Structures are given as structure tokens and as C-alpha cells.
Amino acid sequence: MFFWIPLSPSKNTLIKRIFLNIKVPWEILQLSFLTNQTKIYNFVTTIEKISIGTYKRIRRTQDNKIKEQDNKIKKQDVKIGEQNDKINEQNDKISAQNHRIGQQNIKIKKQDSILSDLTKRMDGFIETVKTTTNENTNLRKNDRKPVQQTLVPQQQQQQQTLGMIQPNQTISVTFDLNALINAEREREFRYEKLLEEFAKDIAILKSQIVSLENKLKQATDDLENLKPKPEMLVLGELARQYEKAVCRAIFGYNTRIFTLQGMDSRVIGKPELSTKWAEEKAKINWDEDLEITIKILKENRLPFSHPLVTADNEPITKEYIKTIAKKHITNKDPGFEQTLSDINRLLGALENHNKNTLFKN
29 MFFWIPLSPS
39 KNTLIKRIFL
49 NIKVPWEILQ
59 LSFLTNQTKI
69 YNFVTTIEKI
79 SIGTYKRIRR
89 TQDNKIKEQD
99 NKIKKQDVKI
109 GEQNDKINEQ
119 NDKISAQNHR
129 IGQQNIKIKK
139 QDSILSDLTK
149 RMDGFIETVK
159 TTTNENTNLR
169 KNDRKPVQQT
179 LVPQQQQQQQ
189 TLGMIQPNQT
199 ISVTFDLNAL
209 INAEREREFR
219 YEKLLEEFAK
229 DIAILKSQIV
239 SLENKLKQAT
249 DDLENLKPKP
259 EMLVLGELAR
269 QYEKAVCRAI
279 FGYNTRIFTL
289 QGMDSRVIGK
299 PELSTKWAEE
309 KAKINWDEDL
319 EITIKILKEN
329 RLPFSHPLVT
339 ADNEPITKEY
349 IKTIAKKHIT
359 NKDPGFEQTL
369 SDINRLLGAL
379 ENHNKNTLFK
389 N
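Going by the working numbering, the sequence shown opens with residue 29, and the numbers climb by one from there.
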């Protein structure tokens with residue numbers, strides 16, 4: 029099987045470049061080529077063999093780069109897993125904080141209930157003391173005996189609590205309501221401060237979660253950039269399909285030659301094949317720019333990758349290739365206008381060969 033060799037697209041081009049470097053007029057070189065055709069052909073063939081070794085080294089370099097990309101992808105997967113674990117841990121902490129806040133709220137409600145009940149009891153106690161004191165004062169003023177009073181069960185319970193009060197007995201009650209109010213305010217302040225601390229902790233945890241989510245997004249984007257892009261492989265396959273179609277048109281459908289490298293040398297001494305190759309060049313307006321574009325597009329393919337359908341398993345069409353070409357070849361790339369123009373030329377020529385099925389096995 030013949031491989032595309034980056035250093036020698038064709039023997040004629042290679043010969044021209046070699047002798048231009050030694051400052052010899054091209055007309056003289058053409059005469060020399062006619063008289064020494066066999067020697068020059070053998071010389072160029074030797075250079076081609078050297079180029080094959082260079083291609084193999086490039087191929088090994090590509091394989092090593094692919095392995096490095098796979099290792100980077102694995103490392104990114106590990107980092108993403110670690111980021112997810114940290115996010116889950118932060119969510120657990122937030123849940124624990126919310127649970128603690130709920131427990132504190134329950135305690136606050138219980139304290140409020142106890143305080144309310146205590147306030148009611150103290151109000152009742154103070155009212156009973158005031159009533160009894162007023163009655164005893166009235167008895168002393170009127171110099172009358174105490175009136176026997178029938179107490180309802182609740183009043184009896186209060187009297188039992190206070191003890192039996194005699195008509196001439198003076199009761200001293202000391203009740204520091206301000207101290208009770210201050211104690212309640214202090215307790216409320218303590219709870220409010222605790223809630224503020226919880227709110228700060230939750231804000232810190234949320235900030236950490238946002239930071240982790242940003243890192244996760246960055247890691248995901250890095251992982252996506254490391255993955256090979258199927259659409260770029262399609263552009264590389266365009267150049268390969270054109271080469272295959274031209275080789276079949278010139279050498280026959282069952283040919284084992286599938287690259288344009290060295291096409292001129294293979295048709296030497298074969299007028300029919302030379303004519304076909306010249307006609308193919310004339311159809312597509314063959315020039316050195318198109319030759320370079322084919323080389324660039326083929327370099328975009330990973331080894332052994334030949335996409336015949338889109339990522340959605342749809343047939344590859346002329347419109348699809350034009351769309352992805354404009355997407356991936358922009359004004360940031362040198363010579364992008366020429367590259368897009370050459371892609372249209374390749375599409376037109378390939379469509380003439382393969383008809384409705386643009387890419388074939």
C-alpha cells in the first residue's frame with residue numbers, strides 16, 4: 029500500500045525544488061532531465077525512500093501524542109471525580125447546618141412557650157396578692173371582722189400556695205420584672221447571634237460550592253478540548269476521498285493506489301494514463317496551493333480514522349462539509365480563504381466522481 033509522504037507530493041515538484049536550491053536555471057534542468065531521466069528518477073526515488081522513514085517517524089510522533097491525550101483525559105476524569113466528591117461533601121455540611129438551625133428554632137419555641145407560661149403565672153400571683161392586701165386594708169379601716177369568702181378551686185390553689193393570709197398580716201412581695209425581661213432579651217440576642225454565625229457559615233459553603241462548580245466546568249471544558257473532533261476528521265477525509273476517486277479514475281476501480289503522491293512517476297511512459305491525469309488536473313485547475321491544502325486537510329485526520337457518516341449517523345453531504353468548513357476554518361487560520369476555495373473545488377470534483385454518495389468505502 030502506498031502512503032502519502034509529506035516531503036514529496038510529486039516527483040516533478042520535488043525535482044524542481046531540489047535544483048532551484050542549487051541555483052540552476054529551470055530550462056537547463058529540463059534538458060538535463062530529458063538526457064539523464066533514469067539517473068534523476070533513481071535519485072528522486074532514493075529521496076522518496078528517505079521520506080518514507082521521515083513519515084514513519086511522524087506517524088510514531090502522532091501515536092505518542094494520541095497516548096498523551098488519552099493520559100490527559102484520564103487525569104481530567106480523576107479531577108472531575110474529586111471535584112464532585114468535594115461538592116457532595118459541602119452539600120452534606122449545608123444539610124447538617126440546616127438541621128442544627130432547625131433544632132435551635134425548636135429550642136427557641138420551647139423557651140418562648142415556657143416564658144409565656146411563667147409570665148401568666150406571675151401576673152396571676154401578683155393580682156392575687158394585690159386583691160388580698162386591699163381586702164385586709166379595708167377590714168382594718170372599718171374595724172370589722174373578716175368576711176368569710178368562698179373561693180373557687182383556682183383561688184383555693186393560689187391561697188394554698190401563698191399560705192393562709194391573716195387580716196392584720198402584711199405580705200411583702202418582691203418581683204424583679206426588669207431582670208426577667210433583660211434575661212429574655214439576652215437569650216434572644218444569643219440566639220440571633222448564633223443564627224448570624226450559621227448564616228455566615230452557609231454563605232461560605234455556598235461560595236465554596238460556586239468555586240468548585242466553576243473548577244468543574246473548567247475541567248469539563250479542558251476534557252472536551254482534549255477529545256478529537258469528528259468534524260475535523262471529516263475535512264481530512266475529504267482530501268483522502270478525492271485522492272481515492274482520482275486514482276480509481278486513472279488506474280481503474282480495483283487499483284491499490286489511493287494517493288496522489290508520485291502520480292507523475294507512475295504515468296511516465298503511459299500516454300493514456302498521462303492524458304487522464306492531465307485532464308483531471310485541468311478539470312480542477314490543479315496548482316501548488318491545492319496540493320498544499322490536500323496535505324493540510326489530511327494532517328487533520330487521526331491515523332486510521334475515516335468517517336463516512338456524521339456524528340448523528342447521517343450521510344455526509346456537500347452542504348454539511350461546507351458548514352463545518354466555515355465553522356472550523358476561520359480568519360484566524362493563515363490562508364483561510366484559499367483553503368475554503370480549495371475545499372469547494374474538491375467537493376465539486378468528488379461529486380462528479382461519486383455522484384450522490386459523496387464518501388464511499
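Ideal Cβ placement from N, Cα and C applies to all residues, glycine included.
In this text, all values refer to a predicted model and were calculated from it rather than measured experimentally.
In the same chain as residue 370, and ignoring 5 residues on each side of it, the C-beta atoms closer than 7 Å to its own belong to 317, 318 and 321, in chain order. For residue 270, the enclosing alpha helix (DSSP H) stretches over residues 258-279. At a Cβ-Cβ threshold of 8 Å, residue 346 and residue 374 do not count as neighbours. Contact annotation, residue 349 with residue 266: C-beta distance approximately 6 Å; criterion of less than 8 Å satisfied.
Going by beta carbons, residue 307 and residue 274 fall outside the 8 Å limit. When C-alpha distances from residue 342 are compared across 296, 364, 262 and 89, the shortest belongs to 262. For residue 379 and residue 344, the gap between their C-alpha atoms comes out near 12 Å. Checking the DSSP bridge columns, you'll see residue 343 partnered with 337. Taking each of 90, 106 and 325 in turn and checking the Cα distance to residue 366, the smallest one comes out for 325. Of the residues assessed, residue 134 falls on the exposed side of the cut-off, its CB having fewer than 16 other CB atoms within 10 angstroms. Between residue 312 and the set 114, 377, 117 and 384, the nearest pair of CA atoms involves 377. In this structure, 259 is the residue among 259, 293, 304 and 368 with its C-alpha nearest to the C-alpha of residue 352. By the C-beta criterion, the region 109-126 is judged to be in contact with the region 236-245, since at least 3 inter-stretch pairs fall below 8 Å. Here the alpha carbon of residue 105 sits roughly 23 Å from the alpha carbon of residue 90.
The criterion of a C-beta distance shorter than 8 Å is not satisfied by residue 122 and residue 209. Between the beta-carbon of residue 278 and that of residue 304 there is about 5 Å, and that keeps the pair under the 8 Å contact cut. DSSP, read as helix, strand or coil, puts residue 360 in coil. A buried status is given to residue 270, since no fewer than 16 other beta-carbon atoms sit within 10 Å of its beta-carbon.
Taking a C-beta distance under 8 Å as the contact criterion, residue 283 and residue 294 do not qualify as a contact pair. With a contact defined as Cβ atoms closer than 8 Å, residue 108 and residue 244 qualify at about 6 Å.
Rounded to the nearest whole angstrom, the CA to CA distance from residue 268 to residue 315 is 17 Å.
DSSP, read as helix, strand or coil, puts residue 285 in coil. Residue 228 and residue 214 have their C-alpha atoms spaced approximately 21 Å apart.
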